[in-house]
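Numbering (this note's numbering), first residue to last: 443 to 666. Yeah, the Cβ is synthetic: ideal placement off N, Cα and C, and Gly gets one too.
Rendered as structure tokens:
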């Protein structure tokens, strides 16, 4: 999500994270926001708008039409986008819903090679076909950020030659992607948890199972 937001924002954006409100206080955070939007400069990325209070939501929604800067907002999916934070959705000129990397497995080999090409090791090392297959089999809960971190780590470990599956972190060496049924079950559970904003009790209720059953299936399917 962060990767796509910064790509949409362009070079060297200014990032303001709504999770910092709890630490800085609403007044200080709002003052920083106001200063940024009043000035000319690069794009502003406001991360995690789901953490904004109703007051800050309205402040941001009223400020966006008058700023000369490009503003990119990020958020988790959920009912809050049609509830308390709907005013922000209403003033956005465009909206992009990101598909998790686990649902774009066919893109992982290309993405991994592009990320490797951005490192200083490019030209001296390469990801073997088997390594790319293993990377594509992973679930990548951290999406592009996790994949990039893994590829950068590989480039530091192997400075020349082939990057092999054995070079991967132990947590990323599973060579067997889940069966279609297990993958579908995993997607349903993850979607329910995301829809419940991480509340597993609500997710279990939505799925029609007990919490203990949900936890057991999460462990079996390696959902963290």
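Residue i (DSSP reduced to helix, strand or coil)
{"i": "residue 488", "result": "strand"}
{"i": "residue 535", "result": "coil"}
{"i": "residue 569", "result": "strand"}
{"i": "residue 428", "result": "Outside the modelled stretch of the chain, which goes from 443 to 666, sits residue 428, for which no answer is possible."}
{"i": "residue 454", "result": "coil"}
Alpha-carbon spacing of residue i relative to residue j, whole angstroms
{"i": "residue 643", "j": "residue 632", "result": "13 Å"}
{"i": "residue 571", "j": "residue 580", "result": "15 Å"}
{"i": "residue 535", "j": "residue 603", "result": "47 Å"}
{"i": "residue 661", "j": "residue 527", "result": "33 Å"}
{"i": "residue 449", "j": "residue 556", "result": "15 Å"}
{"i": "residue 652", "j": "residue 544", "result": "26 Å"}
{"i": "residue 485", "j": "residue 561", "result": "26 Å"}
{"i": "residue 590", "j": "residue 550", "result": "11 Å"}
Neighbour-count burial assignment, residue i, 16 or more Cβ in a 10 Å radius
{"i": "residue 499", "result": "buried"}
{"i": "residue 628", "result": "buried"}
{"i": "residue 524", "result": "exposed"}
Own chain residues within Cβ distance below 8 Å of residue i, not counting five before or after
{"i": "residue 750", "result": "Residue 750 falls outside the range modelled here, since the chain spans only 443 to 666, and no answer is possible."}
{"i": "residue 463", "result": "471, 493, 494, 495, 498"}
Cut-off 6 Å between Cβ atoms - residues of its own chain near residue i, not counting five sequence neighbours on either side
{"i": "residue 518", "result": "492"}
{"i": "residue 460", "result": "490, 491, 493, 494"}
Would you list, in sequence order, the uninterrupted beta strand (DSSP E) runs of no fewer than 3 residues that lie entirely inside the stretch 506-565?
513-515
Report the residue ranges of all beta strand (DSSP E) runs contained in full by the stretch 579-652; include only those spanning at least 3 residues, in chain order.
603-605
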